[in-house]
Each structure stands twice: as C-alpha cells, then as structure tokens.
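Engineer: Have a look at this one.
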Amino acid sequence: MRNLVLVLGDQLSTSSGAFYGFDKSVDVIWMAEVEEELTHVWCHKQRIVFFLSAMRHFRNELKRDGFHVCYHEITAEQSKDAGRDFCSVLNRDVHRLNPSGLIVTEPGDYRVKTALEGCARELELKLKIVPDRHFYCGIEEFASYANGKTLVLENFYRHMRKKHRILMDGPNQPVGGQWNYDEENREPLKTEAAKVLLTPKQFEPDPTTKQIVDLVLKRFPDHPGSLADFALPVTAADAGKMLRHFVQHGLTLFGPYQDAMVVGQPFLYHSRLSALLNVKLLDPRVCVDAAVAAYEEGGAPLNSAEGFVRQILGWREFMRGVYWLKMPGYIENNFLDHQLPVPHFFWDGETDMHCVQETMRGILANGYAHHIQRLMVIGLFAQLYGVHPRRFHEWHMALYVDAVEWVSLPNTLGMSQYGDGGIVGTKPYCASGNYIDKMSNYCHACRYNPKATTGENACPFTTLYYDFLDRNYEKFRHNGRLKFQLMNIDRKRRDAPAMLEIRQRAAELHARWSGQQ
Ligand code: FAD
Ligand code: SF4
1052 MRNLVLVLGD QLSTSSGAFY GFDKSVDVIW MAEVEEELTH VWCHKQRIVF
1102 FLSAMRHFRN ELKRDGFHVC YHEITAEQSK DAGRDFCSVL NRDVHRLNPS
1152 GLIVTEPGDY RVKTALEGCA RELELKLKIV PDRHFYCGIE EFASYANGKT
1202 LVLENFYRHM RKKHRILMDG PNQPVGGQWN YDEENREPLK TEAAKVLLTP
1252 KQFEPDPTTK QIVDLVLKRF PDHPGSLADF ALPVTAADAG KMLRHFVQHG
1302 LTLFGPYQDA MVVGQPFLYH SRLSALLNVK LLDPRVCVDA AVAAYEEGGA
1352 PLNSAEGFVR QILGWREFMR GVYWLKMPGY IENNFLDHQL PVPHFFWDGE
1402 TDMHCVQETM RGILANGYAH HIQRLMVIGL FAQLYGVHPR RFHEWHMALY
1452 VDAVEWVSLP NTLGMSQYGD GGIVGTKPYC ASGNYIDKMS NYCHACRYNP
1502 KATTGENACP FTTLYYDFLD RNYEKFRHNG RLKFQLMNID RKRRDAPAML
1552 EIRQRAAELH ARWSGQQ
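In this note's numbering, each number is its position in the sequence shown, counted from 1, plus 1051.
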C-alpha cells in the first residue's frame, strides 16, 4: 500500500486536493465517524445526522466507483474499544495497513489540523497536507493578498470579481456600473412578495438516513434540536437539485428581502446551501455560475445575482482567509472583555422576547437561521448582553448544521460579537429593538415595546443597546463609523436620571437571566 488518504467529514468530494494523483491500485481512502467530533461541542441532532449521512452516502459512492475505502461507523451502542478521537482510530489502522504515507486536504479546523500533525509524528509517518481546491482563494494566496493591507471585505470582493471575471464588463468595470446593490437589498417583506414565498425543497430521508436518525435518537437523545423535520440533501446530486430550486424560485427575491424577517418563515428566499457547500457536496463556482447565468438569461435581476455572488465569492472566501491568517490566536480575542455564558434560552427557546423565540424555534427545528436572524437577533442579543465571544462561537458550532470552525469563528467572534476589535468588520453590529421592528413583524406580537428604553415593557434590546454603548464608550470613542450611535448615547448621558434608569433596568435584566443559567 502507498498512501492512506484521509477524508474528513467536511471534504466529501472527489475533486478535493487529496484525490489528485490517487491510484486505486495502491492508495486507500480512510474515513471515520468518531465520537469526539460529534461531542467535543454539544451538537444539534440534525447536525450529527447531516454529517454522518452525507459521509456514508459519499463512502457508498466511492465504493461504487471502485475506490478502496476503510470506513469506521459509530453504532447506537458505544463499544468498549471504540476510539473516541481520530488519532486513536487512525493509529490502529496504520498498524494494520502499514501505509508509506498519509495525505489529507487542508482541514477546516485548526484543532483538527494540529491533532493530525501530532498523530502523524507519533506514528512516524509523513503527512502531506494538500491545498483545498474547493475555494476560489487559497490560504497562501489570501495571506499574500492581505500582506500590508487593512482588511476590508469590499476591497477583497472587488479583487475577486476582477480576478475571476465574474459579473464584469471588461477587466475593471462591474456589470451594471455598480459593485454593490446593498441599498436595494434591505427591504422589509411586503405583502405582494409574501404571496410568492419560496416553498422549501424537502428531501425525504432514504433508508441510510433513517438508520442514522434512529442511531442518533438512541445514542444522543439529550442533544439539542429535533429530527422531526430533517429533510436536507445528503448527496451531491440532491445538493445540485437544491441549488437549481433556489435559482429558479428564490433568487429573484433573494436580493431585496435578504435582510427581512417574518414570523413563521425561517427560510424566506435564502438558499439554504451553506451546509452543502461546507461539506463540499456543492462547489462554490457552480453556485456563482448558476446565479450569473440566471441574470444573463433574464431569470434574475442584477441586485439579486450580485447579492448572492457577494455572499459566496466575497464573504465566504474572506472569512476563510481571515480564519487561517489569524489562527491560532484569533479564537482568544475578546476585545470587549465580555465574560457571560450564553443565556438558557439559547438552548431551549424559552423566552418572552418574540424575535428570539421565533429565531430559536427555527434553530431547534432545522439547525438553521438565516443571516440576519443570526446577526441582528441572536448575535445582537449576545453582544448587547455581554456573552463571551468564544462561548458564543461554541454555542453556534453546536446548534447550526452548517457550522465548521473556519466559517463559524470569524462570523461569530468577529462579525457578530466584535471580539476581534475590528478585523472582520470595521464597527460592531449594534442596534436597538427599533432595527428589528423595521425589518420584521416580530414586534407586533411581542409583550415588549421596541421604542421604550426603560420600564417593565421596555424592549430588552433597546435597554441593552444604550447600556452597551455606555459601558464601551471609551473603546468606541475614536471609531468614526459609530459617530451617530455615540451622539445618541452622549444625548442620553447628558440626562443623568434617564441614564441611571437605563443602567438600573439593564442590571435587572442581567440579574434575571444570570439567575436562570
Ligand atoms: P444565503 O443567505 O442564501 O447566502 C448564500 C451563501 O452565501 C450561503 O450559503 C453561504 O455559503 C454564503 N454566505 C453568506 N454570508 C456569509 C458569511 N457571512 N460568511 C460565509 N459565508 C457566507 N455560515 C456558515 O456557512 N457557517 C457558519 O457556521 C456560519 N456562522 C455564522 C454565524 C453568525 C453569527 C453569522 C452572522 C453568520 C454566520 N454564517 C455562517 C454566515 C451566514 O449567515 C450563513 O452562511 C447563511 O445564513 C446560511 O444560509 P443560506 O445558505 O440560506 O445563505
Ligand atoms: Fe424583539 Fe424587542 Fe421587538 Fe420584542 S419588542 S420582538 S424583544 S425587538
């Protein structure tokens, strides 16, 4: 045997770097379901089912195509000698199979990469880590792009558009004359659009998935979330169907209603492709090309196509670049010195804040919330309340089907919590309940009033927003992008009794939630 090619749970594609030069007569693929990966953070049941089912389907396809695969399944009962982590399982196989070397595509998690390197050292085997060709921008390419620059998403995005000639009119001009249609893409949902809501595409679980559902219910019954609505694709073929469904039925309204939130509509016009992309059942180029083709053929307006391209070619690539550029230190950042654990209702959804309740309902049912719910409801609450950014990231890793560390960490700790002090975003995404009221219909049916700052009916977001600005005033003082927020808090601070009331109400809210951890 020549090489043992390790395929991790988020590397389910034969176009992965590790498959280049693969020789079926001498190389063997190694895949393992290991308990540590499912339990090192508390994990939503749908996340476990999705990963295991996608892995087993991929294994079956590889075998069908003549690859030799060494695969470890976990079972409903834990066997005594079952390895808990990659290294213990790999160790036994290496002694049995005696390969000359190990190959793996760049893992999506610094912890896993370090563990595999340590494991190879122990085994005295050469581990070749090959670049992940799934992404438009390699880790080294991003590092050389970033060298000497202040990182700004917009600049990186334009660079990527030009480099890959996507939605370009000649080498330097964007199609339509604008790089960015964000101004058109911030509509709250109007009733005409609500009549043509995207019907979510559902994939009936097949026998393999059903078997894993049973396994998870037996083995991980206490894990959060429900499996009742599990209907995600778990193969590349079905992932392609999901993409086509979105481009045909969702893309047109994706742009304008990207930031809208509606009671009872956890998906709206969002694509739900993130988990499929992150385990590599879908290629980002295929997604971007499909959106561009829809625009060019008159099937989608430019603001929607550009908005979608920006998410994948811009944000997704940018986040990965930042993660690998800044790790391992990045995870330790805590610019605002927040120390609290996530509140109990992040696990069970039991709260009287209607916006949080609605978002949590979707998360527990689907392992999903769309971007603006993540950023401007759950993330916003965590930031204003003062959750430790790493704890918030760990919670996010546990509850979302699409969470892989390279993408979760910069989004949670960076974009959402401003824990990195301005690497991912130039200012904190902070707002009062008025923002949620403007972009959703959550507040109509809430016991709180988004406009009230103090008193029993004051919206907790609004009270905590002013308290947050007040607490962090010195840290934000020189941030020009927070000028208006600081002017606001200055005005409040000039009214000492009003400011005192806000601080007291914020303290009451903290006392209420900390008593319920
Ligand atoms: P759509 O709204 O349809 O967008 C299309 C695609 O663009 C997504 O599938 C995704 O691949 C990409 N995308 C959009 N925004 C981002 C972004 N900020 N970073 C990276 N890719 C992006 N995304 C993850 O894939 N995994 C995560 O663990 C994750 N954690 C997040 C945590 C927070 C606090 C926030 C604010 C965002 C997070 N995101 C994460 C980004 C984004 O919210 C999700 O990718 C998106 O909501 C997934 O739903 P969708 O596929 O319907 O996306
Ligand atoms: Fe959320 Fe406040 Fe609106 Fe209630 S009033 S839904 S807590 S923003």
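We put the CB at the ideal spot given by N, CA and C, even for glycine.
#1: Name the two residues that bound the continuous beta strand (DSSP E) containing Tyr-1122.
#2: Give the C-beta separation of Asn-1354 and Pro-1284 to the nearest angstrom, bearing in mind that I take them to be a contact with Cβ-Cβ under 8 Å.
#3: Pick helix, strand or coil for Asp-1251, following the three-state DSSP scheme.
#4: Is it buried or exposed, Tyr-1187, if we count other Cβ atoms within 10 angstroms and call 16 or more buried?
#5: How would you call Gln-1229, buried or exposed, if buried means at least 16 neighbouring beta carbons within 10 angstroms?
#6: Would you list the residues whose beta-carbon is nearer than 5 Å to any heavy atom of ligand 2, in the order they occur in the chain?
#7: In whole angstroms, what separates the C-alpha of Leu-1249 from that of Gln-1309?
#8: Taking Val-1267 as the reference, which of Glu-1124, Val-1360 and Phe-1297 has the closest Cα?
#9: If you reduce the DSSP assignment to three classes, tell me which class Met-1370 lands in.
#10: With DSSP as the reference, label Gly-1152 as helix, strand or coil.
#11: For the alpha helix (DSSP H) containing Met-1211, list its first residue and its last residue.
#12: Any heavy atom of ligand 1 inside 6 Å of the beta-carbon of Ser-1325?
#13: Are the stretch 1213-1228 and the stretch 1372-1380 in contact at 8 Å, needing three or more beta carbon pairs?
#14: Would you check if there are 3 or more beta carbon pairs closer than 8 Å linking the stretch 1457-1471 to the stretch 1397-1412?
#15: From the DSSP output, in three-state form, read off Lys-1114 for me.
#16: Report the CB separation of Thr-1260 from Val-1100 in whole angstroms; it is logged as a contact under 8 Å.
#17: Give the range of the alpha helix (DSSP H) segment to which Ala-1345 is assigned.
#18: Using the rule of at least 16 other Cβ atoms within 10 Å of the residue's Cβ for burial, across every protein chain shown, is Gly-1072 buried or exposed?
#19: Is the Cβ-Cβ distance between Thr-1156 and Ala-1290 less than 7 Å?
#20: Secondary structure at Ile-1080, three-state DSSP: helix, strand or coil?
#21: Does the separation of the CB atoms of Val-1314 and Asp-1061 fall below 7 Å?
#22: Is any heavy atom in ligand 1 found nearer than 6 Å to the beta carbon of Val-1458?
#23: Let me check you understand the geometry: is the CB of Met-1378 closer than 6 Å to at least one non-hydrogen atom of ligand 1?
#24: Near Val-1339, what residues of its chain come up, given a Cβ to Cβ distance below 7 Å and the 5 sequence neighbours on each side ignored?
#25: Should Leu-1324 be labelled buried (16 or more other beta-carbon atoms within 10 Å of its own) or exposed?
#26: Taking C-alpha atoms, which residue in Leu-1426, Val-1393, Asn-1492 and Asn-1111 lies nearest to Ala-1287?
#27: Rounded to a whole number of angstroms, what is the C-alpha to C-alpha distance between Ser-1066 and Tyr-1436?
#28: Helix, strand or coil, according to DSSP, for Met-1219 in the structure here?
#29: Go to Val-1330, then tell me how far its alpha helix (DSSP H) extends in each direction, as first and last residue.
#30: Whose C-alpha, out of Ile-1474, Gln-1097, Ala-1557 and Ala-1547, is nearest the C-alpha of Ala-1509?
#31: Find out if the Cβ-Cβ distance for the pair Tyr-1517, Ile-1487 is shorter than 7 Å.
#32: Taking 7 Å as the cut-off, decide whether the C-beta atoms of Met-1052 and Leu-1141 are in contact.
#33: Is there at least one non-hydrogen atom of ligand 1 closer than 6 Å to the beta-carbon of Trp-1375?
Structural biologist: From the atom records:
#1: Walking along the sequence shown from the start, residue 1122 turns up at place 71. Here the beta strand (DSSP E) through Tyr-1122 covers 1120-1123.
#2: Taking the first residue of the sequence shown as position 1, residue 1354 is located at position 303. Taking the first residue of the sequence shown as position 1, residue 1284 is located at position 233. The Cβ separation is near 27 Å, so there is no contact.
#3: Start at 1 with the first residue of the sequence shown, and residue 1251 comes out as number 200. Note that residue 1251 corresponds to Pro in the displayed sequence, not to Asp. Note: Pro-1251 maps to coil in three-state DSSP.
#4: Working through the sequence shown from its first residue, we reach residue 1187 at position 136. Tyr-1187 comes out buried.
#5: One-based indexing of the sequence shown puts residue 1229 at position 178. Answer is exposed; the Cβ neighbour count stays below 16.
#6: Met-1404, His-1405, Cys-1406, Gly-1484, Ile-1487, Tyr-1493, Cys-1494, Cys-1497, Tyr-1499, Pro-1501, Cys-1510 and Phe-1512
#7: Position 198 of the sequence shown, counted from the start, is the residue given in the question as residue 1249. Position 258 of the sequence shown, counted from the start, is the residue given in the question as residue 1309. Rounded to whole angstroms, Leu-1249 to Gln-1309 spans 13 Å at the Cα level.
#8: For the purposes of this step, residue 1267 is identified with residue 216 of the sequence shown, where counting begins at 1. If we check each option's Cα against that of Val-1267, Glu-1124 comes out closest.
#9: In the sequence shown, residue 1370 corresponds to position 319, counting from 1. In the structure shown, Met-1370 sits in a helix (DSSP, three-state: H, G or I).
#10: Here residue 1152 corresponds to residue number 101 of the sequence shown, with the count starting at 1. Gly-1152: strand per DSSP, three-state reduction.
#11: Here residue 1211 refers to the residue found at position 160 of the sequence shown. 1204-1215 is the span of the alpha helix (DSSP H), which, as asked, contains Met-1211.
#12: Walking along the sequence shown from the start, residue 1325 turns up at place 274. Checking every heavy atom of ligand 1 against the Cβ of Ser-1325, one is found closer than 6 Å.
#13: no
#14: no
#15: As a position in the sequence shown, residue 1114 is number 63, starting the count at 1. Lys-1114 falls in the helix class under three-state DSSP.
#16: Counting from one through the sequence shown, the residue named residue 1260 turns up at place 209. Counting from one through the sequence shown, the residue named residue 1100 turns up at place 49. Contact flag correct, Cβ pair sits at about 7 Å.
#17: Working through the sequence shown from its first residue, we reach residue 1345 at position 294. Where Ala-1345 is concerned, the enclosing alpha helix (DSSP H) stretches over 1335-1347.
#18: Position 21 of the sequence shown, counted from the first residue, corresponds to residue 1072. Per the 10 Å Cβ criterion, exposed.
#19: To locate residue 1156, count along the sequence shown from 1; it is residue 105. To locate residue 1290, count along the sequence shown from 1; it is residue 239. Contact: no.
#20: Walking along the sequence shown from the start, residue 1080 turns up at place 29. It is a strand residue.
#21: Position 263 of the sequence shown, counted from the start, is the residue given in the question as residue 1314. Position 10 of the sequence shown, counted from the start, is the residue given in the question as residue 1061. Against a cut-off of 7 Å, the Cβ pair of Asp-1061 and Val-1314 comes out as no contact.
#22: Counted from its first residue, the sequence shown places residue 1458 at position 407. Under cutoff, so the answer is yes.
#23: For the purposes of this step, residue 1378 is taken as residue 327 along the sequence shown, with counting starting at 1. For ligand 1, not one heavy atom lies less than 6 Å from the Cβ of Met-1378.
#24: Within the sequence shown, numbered from 1, the residue matching residue 1339 stands at position 288. Ile-1217, Val-1360, Ile-1363 and Leu-1364.
#25: Looking up residue 1324 in the sequence shown gives position 273. Buried, by the Cβ-count rule.
#26: Position 236 of the sequence shown, counting from 1, holds the residue named residue 1287. Among Leu-1426, Val-1393, Asn-1492 and Asn-1111, the Cα nearest to that of Ala-1287 is on Asn-1111.
#27: Here residue 1066 refers to the residue found at position 15 when the sequence shown is read from its first residue. Here residue 1436 refers to the residue found at position 385 when the sequence shown is read from its first residue. Their Cα atoms are separated by approximately 43 Å.
#28: Residue 1219 sits at position 168 when you count from the first residue of the sequence shown. If DSSP states are grouped into helix, strand and coil, Met-1219 belongs with the strands.
#29: Counting from one through the sequence shown, the residue named residue 1330 turns up at place 279. That residue, Val-1330, is in no alpha helix (DSSP H); it is neither H nor E in DSSP.
#30: The residue labelled residue 1509 in the question sits at position 458 within the sequence shown. With distances taken between Cα atoms, Ala-1509 lies closest to Ala-1557.
#31: In the sequence shown, residue 1517 corresponds to position 466, counting from 1. In the sequence shown, residue 1487 corresponds to position 436, counting from 1. Not a contact, by the Cβ cut-off of 7 Å.
#32: Within the sequence shown, numbered from 1, the residue matching residue 1052 stands at position 1. Within the sequence shown, numbered from 1, the residue matching residue 1141 stands at position 90. No, the Cβ-Cβ distance between Met-1052 and Leu-1141 is not below 7 Å.
#33: Along the sequence shown, read from residue 1 onward, the residue named residue 1375 stands at position 324. Trp-1375: no, Cβ never under 6 Å from ligand 1.
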